[in-house]
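First comes the structure, then the notes that go with it.
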Amino acid sequence: MAIRNFEVAKILYNIAVYLDMQGEQFKPRAYEKAARSIEALTEEVSDIYRQGGIKALMEIPGVGVSIAEKIEELIKTGKLKYYQDLKKKTPVDVEGLTAIEGIGPKTVKTLYQKLKIRTVTDLEKAVTSGKISKLPHFGEKSQEKILKGIEFLKRSKGRMLLGYVLPIAKEIEHNLQQLPDVKHAILGGSSRRMKETVGDLDFLVVSSKPEKVMNYFTTMSEVLNVISKGDTKSMVHLKIGIDADLRVVPPRSFGAALQYFTGNKDHNIALRRIAIQKNWKLSEYGIFDKHNKQIAGETEEDVYAKLGLQWMPPEMRENTGEVELAQKHKIPKIIEYKSLKGDLQTQTNWTDGSNSIKEMAEEAKRYGLDYIAITDHTKALAFTGGLDEKKLEKQSKEIDKVNKEVNGITVLQGAEVNIAKDGSLDISDAVLKKLDVVGVSVHFNFNIGKDEMTKRIVRAIENPNVDILFHPTGRVINQREPYEVDLRKIFEKAEETGTLLEIDAFPERLDLKDEHVKLAKEFGCKFAIDSDAHNKVQFHYLEFGIGVARRGWLSEKDVVNTLPMKKMLKELK
Ligand code: DGT
Ligand code: CA
Ligand code: CA
Ligand code: ZN
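Shown next as structure tokens:
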């Protein structure tokens, strides 16, 4: 798996911080500049290198020969000696410290120079002893914020985004399935349940040649190092920064093992309790009666059936009521993957997206959608080049043109309109009325308190022109906590006003999250699942949004963009 742009950019930024701390004058700015251009690339830097070598790298703005060579080394080896040496010279954990929300490179430098802080642990000590608040320009408030950031980081530690892990995990699963003498190979664990973050990957294999499977698994190109290697179980650390387990099980235990290693743990415990009531034993090897005779285990369906339970999709297995429903054979029919006909949030190069309207339309069509809404940002989000009323009208003409040029897909015009601090919108009602789809979101002034935030959003969705509340809690997984808001009130109002709630499928967002989706459904709300694509390669994110919808037990009829376009438009206000 090739190194990705965000990883390259991160290393270049960190180099700048180290050089800065060493007192270098100009070099740090050069690294920052290169990092920024790489972040803005629409193509993967590894693809650029593969096609044009170091020369092509040097065509990236801000990348000279010296930085290009470093990028080459990163692409080729996944490591960079220059960076490792810098880290040795200045033993400050820049990566760890800047991962804390609110701590940027400048703060790292100050903390090191004034308080000799090198690690997150040092920082935590300084915070608890009140040293930070005494630094110039810091104070109680920033100390409080840093503490919150540290706590948040601790909670999310070690878990990776499903959206980044799953494509690689699926590739490994596919490669295992292709091995000779492999009968089944399947990815279990939290990734099979489509949980938003993943702690480690759990592969299960049935094979008559376990040693061959283990040899392959421990030497595949995705592996950074091998933690353990055995006949039935091996564990590796992958280059992307996550562990993967693989177990080889006999055919007659495959279903039981799949059930067990899919989990989650609480769901398993509930099942084991049912087995015990029947005087049986349930384990990863099967169901065994009181004479220790195996009575189920070859398929997952058998295991559930023997326990008197209806089979259910892995996404529902969190012990939040599904076991009880399965006992009554009342598992709901939940939304299927590939059931979306449209996407109601996409951005283009009219604002902070990478592609033109036409490119987005063509790619959405290839992905299998029948319609998309272009929802570029509006004017209050100035750094994206947000559109004002005039530009929206101009864009409408461009959309008409694209609709004539591209057949087989309809492009709707929408906007992602900003909700101001007082709940007003930054586009006039007269213009909103003309748009096909109006989404609203909170993009700034996050810390105004629960009551004010609730009032702000309620006011916005009471506007009769507003169709969808985009990413309703504003969280960014592992980076930013959701803002404080009374979600029950929002759900109540959304139902009352007929405002749709979005499941934003972007891997860092997945907002609404599973449990809130489930709650909102109880309030009678309806949903839209959107990719929030800022690039034409991001339509496949929709799959992660559907994963969240399935984890929230939604059925197809709860999600408006499963409908054909005309029917979908009738569901809007
Ligand atoms: P993760 O890796 O933290 O994202 O979450 P999982 O669910 O993949 O958990 P993991 O990898 O620790 O274990 C895989 C499955 O194995 C888990 O979902 C359920 C099962 N399992 C693990 N530990 C226990 C246990 O102590 N009791 C039972 N009944 N099942 C367990
Ligand atoms: Ca796992
Ligand atoms: Ca595991
Ligand atoms: Zn947004």
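Just so we're aligned: 324 in my numbering is position 340 of the sequence shown, and the numbers increase by one with no gaps anywhere. Positions of the beta carbon are idealized from the N, C-alpha and C atoms, including for glycine.
- Between Ile(-13) and Val29, the CB-CB gap stays under 9 Å.
- The residue among Pro456, Gly392, Asp420 and Phe238 with its C-alpha nearest the C-alpha of Asn402 is Pro456.
- Of Lys60, Ile22, Thr304 and His221, the smallest CA-CA separation from Met42 is found for Ile22.
- The three-state secondary structure of Tyr321, taken from DSSP, is coil.
- Ile393 and Ile51 have their C-alpha atoms some 43 Å from each other.
- With a threshold of 8 Å, the Cβ atom of Tyr244 counts as near ligand 1, since some heavy atom of the ligand is closer than that.
- If you ignore the 5 residues before and after Ala517, its C-beta comes within less than 6 Å of the C-beta of Thr330 and Phe523, all in its own chain and listed in chain order.
- A buried status is given to Gly133, since no fewer than 16 other beta-carbon atoms sit within 10 Å of its beta-carbon.
- A residue is listed when its beta-carbon falls short of 7 Å from at least one non-hydrogen atom of ligand 4; in chain order these are Glu400, Ser425, His427, Phe454, His455 and Asp516.
- In the structure shown, Ala504 adopts helical secondary structure according to DSSP, grouped into three states.
- In terms of CA proximity to Thr61, Leu208 leads the group Leu208, Cys509, Lys434 and Ile513.
- In the DSSP annotation of this structure, Lys179 is not part of any beta strand (DSSP E), being labelled neither H nor E.
- Taking the Cα positions, Val189 is about 22 Å away from Met296.
- Taking a cut-off of 5 Å from the heavy atoms of ligand 3, the residues with a C-beta inside it are Asp184, Asp186 and Asp229.
- Secondary structure of Met437 (DSSP, three-state): helix.
- DSSP places Tyr(-3) in the uninterrupted alpha helix (DSSP H) bounded by Asn(-11) to Met5.
- Ile32 has its alpha-carbon roughly 47 Å from the corresponding atom of Pro448.
- In this structure, Gly173 has its beta carbon less than 8 Å from a heavy atom of ligand 2.
- The region 499 to 518 and the region 527 to 547 touch, with no fewer than 3 CB-CB distances between them shorter than 8 Å.
- If you look at Phe528, you'll find it in the alpha helix (DSSP H) that goes Leu526 to Arg535.
- Beta-bridge partners assigned by DSSP to Thr330: Ile358 and Ala517.
- Note that the C-beta distance between Leu328 and Val426 is not below 9 Å.
- Between Val501 and Ile487 the beta-carbon gap is near 6 Å, inside 8 Å, which marks them as a contact.
- Nearest in C-alpha terms to Pro151, of all of Ile318, Ile224 and Ile44, is Ile224.
- Of Gly147, Glu16, Leu107 and Tyr15, the smallest CA-CA separation from Lys129 is found for Leu107.
- DSSP places Gln243 inside the alpha helix (DSSP H), whose first and last residues are Phe238 to Thr246.
- In the DSSP assignment, Ile279 falls within the unbroken beta strand (DSSP E) covering Gln278 to Ala280.
- The region 312 to 322 makes no contact with the region 477 to 486: fewer than 3 CB pairs, one atom from each, lie closer than 8 Å.
- Ala240 sits close to Val287, with the two beta carbons spaced by under 9 Å.
- Not one heavy atom of ligand 1 lies closer than 8 Å to the C-beta of Arg440.
- Contact between the region 212 to 221 and the region 171 to 180 is absent, with fewer than three C-beta pairs closer than 8 Å.
- Looking only at Ala404, Tyr467, Lys417 and Asp406, the smallest Cα-Cα distance to Gly433 is reached by Tyr467.
- In this structure, the straight-line span from the alpha carbon of Ala40 to that of Arg34 is close to 9 Å.
- Your pair Lys93 and Asp4 checks out as a contact, with CB atoms roughly 6 Å apart and the cut at 8 Å.
- In terms of Cα proximity to Gly482, the closest of Asp451, Gln68 and Leu471 is Asp451.
- Only exposed fits Ala414, as fewer than 16 other CB atoms lie within 10 angstroms of its CB.
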